[in-house]
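*Asks:* So the sequence shown is numbered by my numbering: it starts at 36 and just counts up by one. Virtual Cβ for every residue (Gly too), placed ideally from N, Cα, C.
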Amino acid sequence: MGRHGQFVPLKNSSFPTNSAAFQMELLQEWDRQALYAINHGLHHPWLSPLMWLFTCLGLGWVQLLLLLGATLWRCGRPRWRFVFLPGAVAWLGSGATVQLLKHLFPRPRPSNLPDVLLAPDERIFARSFPSGHTATAFALASWLWLMTRGTRFGWLGWLGWLLATLVGLSRIYRGVHYPSDVLAGMAIGLLWGILAFFWLNRTPHAPEAKQVH
């Protein structure tokens, strides 16, 4: 892989093309190519502040505020917890899954590579897999989409998908995640968002309080 992402033949070309080792090395090479295509190919001074903003949408406290705000907007009545709980479970579950996988697969971050353009405020070099920002962003995006689908606010669900995608893209752009880290985070977030929503919506709702005359 050259500095600007052009393909360089694999060093260990003696592997047979059907060997597991060769396939793994080929996948890693594609991962690096995609990394450089985004980290170098898209890099521009005017885009960097936007990518910082998008990556901030993946911060835990920001997402918690968005979750609470969306819940209060969507349902400010006593049954608010039936809206909030699926989002909270998806958010917490995806975050916990990410932390478990980070300890099981302590992959070095691309920020260790000498030619990666690393954002000055991103001084992190370990536990790259998977992307936590992306996982929690997609967990909340799937929750928002499921919550608003079929309503006049359905466009907010699509906006959630767009912002979650930009969160993942920003992590590659800023040099702290490989594309495979982001794809894994997307899968984790989607899984938790969908499971939490349908599981908790199968739970019988609390009976409405009887009016006293």
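1. Could you say which of G167, R158, V133, G122 lies nearest to W234 if we only look at CA atoms?
2. Below 8 Å on the Cβ atoms is my guess for G224 versus S177; work out the distance and round it to an integer in Å.
3. Along the chain, which unbroken stretches of the alpha helix (DSSP H) at least 4 residues long are found entirely within the region 73-106?
4. Starting from the C-beta of P239, find all residues in its chain whose C-beta is less than 7 Å away, skip the five residues before and the five after it, and write them out in chain order.
5. Using only the alpha-carbon positions, how far apart do L201 and P84 sit?
6. A199: which of G210, E157, L179 sits nearest, CA to CA?
7. Whole angstroms is fine: what's the gap from M59's alpha carbon to S215's?
8. Let's see if you can read the secondary structure: which residues bound the alpha helix (DSSP H) around Y208?
9. Restricting to Cα atoms, I'd like to know which of R142, W96, G203 is closest to F173.
10. Can you tell me whether A96 is buried or exposed? The criterion is at least 16 other CB atoms within 10 Å of its CB, across all chains shown.
11. Would you kindly work out how many angstroms separate the C-alpha atoms of P165 and W190, rounded to a whole number?
12. Please report the Cβ distance between G128 and A231, rounded to the nearest whole angstrom; I am assuming they are in contact, meaning their Cβ atoms lie under 8 Å.
13. Hey, how far is the Cα of R206 from the Cα of H75?
14. When DSSP labels each residue in this structure, what does Y71 get in the three-state scheme?
15. Starting from H212, trace the alpha helix (DSSP H) in both directions and tell me its first and last residue.
16. At what residues does the alpha helix (DSSP H) containing L266 begin and finish?
17. Would DSSP call L120 helix, strand or coil?
18. For a quick check, are the C-beta atoms of W108 and T171 less than 7 Å apart?
19. Round the Cβ separation of F160 and P143 to the nearest angstrom and send it over; I've been treating them as touching at under 8 Å.
*Replies:* On the basis of the coordinates in this document:
1. G122
2. 7 Å
3. 82-91
4. Confidence in P239 is poor, its pLDDT being 45 and thus under 50, which makes the residue's placement unreliable; the coordinate value appears in the next sentence. There are no such residues.
5. 13 Å
6. L179
7. 13 Å
8. 189-208
9. G203
10. According to the sequence provided, residue 96 is Trp. The question's Ala does not apply to it. Its Cβ having fewer than 16 others within 10 Å, W96 is exposed.
11. 28 Å
12. 6 Å
13. 13 Å
14. helix
15. It is not in any alpha helix (DSSP H) - H212 carries neither H nor E in the DSSP assignment.
16. In this structure the chain extends from 36 to 248, so residue 266 is not present and cannot be described.
17. helix
18. no
19. 7 Å
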